[in-house]
Amino acid sequence: MKSSQPPAGPKAPTIVTVAAAAGVSPMTVSKVLRGTGRISAATRQRVREVADALGYVPNGLAGALSSQSSQIVGILIPSIGDMVYAGVLAGINAVLVPRGFSSFIGETFFDPENEARLVRTVLSLKPSGLILTGGLERTAASVHVLRQSGVRCVQLWDGDRPDLDATVGLSHRAAGRAAADIFLSRGLRDACYVGAQLDRDLCAARRMEGFRQRLREAGGRCRVLADEALPRDAVTGQALTAALLAEGPPPEAIHYLNDAMAIGGLRALLAAGVEVPGRTSVIGFNGTSLRHAIQTRLTTLEVPLHEIGARAAQALLQPGEARTDLVDFQIVPGTTVRP
1 MKSSQPPAGP KAPTIVTVAA AAGVSPMTVS KVLRGTGRIS AATRQRVREV
51 ADALGYVPNG LAGALSSQSS QIVGILIPSI GDMVYAGVLA GINAVLVPRG
101 FSSFIGETFF DPENEARLVR TVLSLKPSGL ILTGGLERTA ASVHVLRQSG
151 VRCVQLWDGD RPDLDATVGL SHRAAGRAAA DIFLSRGLRD ACYVGAQLDR
201 DLCAARRMEG FRQRLREAGG RCRVLADEAL PRDAVTGQAL TAALLAEGPP
251 PEAIHYLNDA MAIGGLRALL AAGVEVPGRT SVIGFNGTSL RHAIQTRLTT
301 LEVPLHEIGA RAAQALLQPG EARTDLVDFQ IVPGTTVRP
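Take 1 as the starting number for the sequence shown in UniProt numbering and just add one per residue.
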């Protein structure tokens, strides 16, 4: 009978390991890391430096667990409020919950320092595994701790830059190029990419670059309109599109960072009297708008969110060397691109 327990990785450093390397007792290490006891400043500094160098993470369960790991799986995503990650979480839990695992979910908000803090928090719980979303610049400290933890780690979403023990995601560059090809096949070469937070969401930035590069290869042009301070929602899509229209005639084609921004963009185009798709064609990304379409059906690149989550959870539970599992997206024709 196969065990659902993830395979053991490298042995994680323990408090005994830190104590031996620092030349002190395990009790001294415990007091230093808890900030208690009468211990000299020099000893405290030495113990902390050794602990950091070894990638040691204190057990946040304070000895409550008798085994080496719990039935907790840590899941770090940008935002629970994002429909994309809600779908991914559903896929993860569909695999893990029947096997008796519980999820510890943290929101990184595409902030590497926040992710670093959450990584240490989750690892302190001695989890069975950890699933992290790629597409952000992970700190060197996070990378070091993850490598030294002995916990199996799977990266979500970012198939262009595989990392950790396994990666399950898609090629965002290929998705951007596919969106450009849709426009090019209709003879549309004057395009704009509308997004937000591209400085933090590196997957979205790769989609933009793939889109822009493909258009340029075909002799087209692509303007990028993005605001790094605004959220990636319909309100932002509407505001940025209104600003684009205020500057002059609309482009032939607009590719939005996600479906939510595309819906906001369609509102702005409609309010300005711009005919879609007669004057301007529109493409979204991720497919989250499809279930809500009534009359206007957004042309989009649909991503199998539940499948990505399920395959990431399965990768967490399966032994083996590092591998990359690329998931295919699907072009879903709608009524927002010129036929």
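The beta-carbon is built from N, C-alpha and C at its ideal position, and this holds for glycine as well.
Which residue wins for smallest C-alpha separation from Val-143, given the options Asp-158, Gly-135 and Val-119? Taking the first residue of the sequence shown as 1, we reach residue 143 at position 143. Val-143 has its Cα closest to that of Val-119, out of Asp-158, Gly-135 and Val-119.
Leaving aside the five residues before and after Thr-145 along the sequence, list all residues of the same chain whose C-beta is less than 7 Å from its C-beta, in chain order. The residue given as residue 145 occupies position 145 in the sequence shown. Going by the sequence as given, residue 145 is Val instead of Thr. Excluding positions up to five away in sequence, the list reads Gly-55, Val-57, Val-119, Arg-120 and Leu-123.
Does Ser-281 come out as helix, strand or coil in the three-state DSSP assignment? Translated into the one-based positions of the sequence shown, residue 281 becomes position 281. Looking at Ser-281 - three-state DSSP - the assignment turns out to be strand.
Reduced DSSP category for Ser-142 - H, G, I as helix; E, B as strand; rest coil: Sequence index remark: in the sequence shown, residue 142 carries index 142 (1-based). The answer is helix: DSSP assigns Ser-142 an H, G or I state.
On the three-pair Cβ rule with 8 Å, is the region 176-189 touching the region 128-144? no
If you scan the region 94-170 from start to end, which runs of the alpha helix (DSSP H) of 4 or more residues do you find wholly inside it? 112-123 and 140-148
What are the boundary residues of the beta strand (DSSP E) that Arg-48 is part of? Within the sequence shown, residue 48 is the residue found at index 48, counting from 1. Taken as a continuous stretch (DSSP letters only), Arg-48 belongs to no beta strand (DSSP E), being part of the alpha helix (DSSP H) at 41-54.
Determine the closest residue to Pro-26 out of Asp-158, Ala-51 and Leu-130, with distance taken between C-alpha atoms. Counting from 1 along the sequence shown, the entry for residue 26 is found at position 26. The residue with the shortest Cα to Cα distance from Pro-26 is Ala-51.
Taking 6 Å as the limit between beta carbons, can you name the residues of its chain near Leu-33, skipping five residues before and five after? Position 33 of the sequence shown holds residue 33. In its chain, beyond the 5 residues on either side, Pro-58 have a beta carbon closer than 6 Å to the beta carbon of Leu-33.
Please classify Val-282: is it buried, with 16 or more other beta-carbons within 10 angstroms of its beta-carbon, or exposed? As a first step, residue 282 is located in the sequence shown; it is residue number 282 there, counting from the start. Buried: at least 16 other Cβ atoms inside 10 Å.
How far does the alpha helix (DSSP H) with Arg-323 in it extend, from its first residue to its last? The count along the sequence shown starts at 1 and reaches residue 323 at position 323. Not the alpha helix (DSSP H): Arg-323 falls in the beta strand (DSSP E), residues 323-326.
With 16 as the cutoff for other CB atoms within 10 Å, does Ser-149 come out buried or exposed? Position 149 of the sequence shown, counted from the first residue, corresponds to residue 149. Ser-149 should be labelled buried.
Measuring CB atoms only, is the region 36-53 touching the region 85-95, in the sense that at least three cross pairs come out at less than 8 Å? no
Per-residue burial, Lys-11 [other beta carbons within 10 Å of its own, 16 or more giving buried]: By 1-based counting over the sequence shown, the position of residue 11 is 11. Answer is exposed; the Cβ neighbour count stays below 16.
Do you know how far the Cα of Leu-301 is from the Cα of Pro-231? Taking the sequence shown and counting its residues from 1, one reaches residue 231 at position 231. Taking the sequence shown and counting its residues from 1, one reaches residue 301 at position 301. Straight-line Cα distance between these residues: approximately 21 Å.
How many Å lie between Leu-269 and Ala-234 at the Cα? Numbered from its first residue, the sequence shown carries residue 269 at position 269. Numbered from its first residue, the sequence shown carries residue 234 at position 234. Roughly 13 Å between the two C-alpha positions.
Please classify His-292: is it buried, with 16 or more other beta-carbons within 10 angstroms of its beta-carbon, or exposed? For the purposes of this step, residue 292 is taken as the residue at position 292 of the sequence shown. His-292 should be labelled exposed.
Quick one: Cα of Leu-188 to Cα of Gly-284, how far? Taking the sequence shown and counting its residues from 1, the one referred to as residue 188 is at position 188. Taking the sequence shown and counting its residues from 1, the one referred to as residue 284 is at position 284. Taking the straight line from one Cα to the other gives about 16 Å.
Count the CB pairs spanning the region 73-91 and the region 303-312 that are closer than 8 Å, and state whether there are at least three. yes
In the DSSP assignment, the alpha helix (DSSP H) including Gln-71 goes from what residue to what residue? Here the question's residue 71 lines up with position 71 in the sequence shown. If you look at Gln-71, you'll find it isn't in any alpha helix (DSSP H); DSSP assigns it neither H nor E.
Around the C-beta of Arg-323, are 16 or more other C-beta atoms found within 10 angstroms, so that it is buried, or is it exposed? Your numbering for residue 323 matches position 323 in the sequence shown. It is exposed - the Cβ of Arg-323 has fewer than 16 other Cβ atoms within 10 Å.
Same chain only: Cβ atoms within 6 Å of Ile-105, ignoring 5 sequence neighbours per side: Within the sequence shown, the letter at position 105 stands for residue 105. Ile-75.
If you run the structure through DSSP and keep just helix, strand and coil, what is Ile-80? Stepping through the sequence shown from its first residue, residue 80 is reached at position 80. If DSSP states are grouped into helix, strand and coil, Ile-80 belongs with coil.
In three-state DSSP terms, what is Arg-216? For the purposes of this step, residue 216 is identified with residue 216 of the sequence shown, where counting begins at 1. Helix, per DSSP.
Report the partner residues of Asp-227 according to the DSSP bridge assignment. Residue 227 sits at position 227 when you count from the first residue of the sequence shown. In DSSP, Asp-227 forms a bridge with Ala-196.
Do Leu-170 and Leu-326 come within 8 Å of each other at the CB atom, strictly closer than that value? For the purposes of this step, residue 326 is identified with residue 326 of the sequence shown, where counting begins at 1. For the purposes of this step, residue 170 is identified with residue 170 of the sequence shown, where counting begins at 1. It is a contact, given that the beta carbons lie within the stated cut-off.
Could you tell me whether the Cβ atoms of Val-274 and Leu-245 are closer together than 8 Å? On the sequence shown, position 274 is the one that residue 274 refers to. On the sequence shown, position 245 is the one that residue 245 refers to. With contacts defined by Cβ atoms closer than 8 Å, Val-274 and Leu-245 form a contacting pair.
Roughly how many angstroms separate the alpha carbons of Glu-321 and Asp-165, rounded to a whole number? Residue numbering aside, residue 321 sits at position 321 when the sequence shown is read from its first letter. Residue numbering aside, residue 165 sits at position 165 when the sequence shown is read from its first letter. When the Cα atoms are used, Glu-321 and Asp-165 turn out to be separated by approximately 7 Å.
Would the region 127-135 count as touching the region 75-84 if we require 3 or more Cβ pairs under 8 Å? yes
Taking the alpha-carbon positions, what's the Gly-129 to Ala-313 distance? On the sequence shown, residue 129 is found 129 positions in, with the first residue counted as 1. On the sequence shown, residue 313 is found 313 positions in, with the first residue counted as 1. Those two C-alpha atoms are separated by around 9 Å.
Per DSSP, which one or two residues make a beta bridge with Gln-330? Counting from 1 along the sequence shown, the entry for residue 330 is found at position 330. Per DSSP, Glu-302.
Ala-253 by DSSP, collapsed to three states: which one? As a working mapping, residue 253 is identified with position 253 in the sequence shown. In the structure shown, Ala-253 sits in a strand (DSSP, three-state: E or B).
Check each candidate in Pro-251, Ala-204 and Gln-213 and name the one with the smallest Cα separation from Glu-228. Reading the sequence shown from its first residue, position 228 is the one you call residue 228. Cα-wise, what sits closest to Glu-228 is Ala-204.
Counting only the same chain and skipping the five closest in sequence on each side, list residues whose C-beta sits under 8 Å from that of Pro-112. In the sequence shown, counting from the first residue as 1, residue 112 sits at position 112. Leu-136, Glu-137, Arg-138, Thr-139 and Ser-142.
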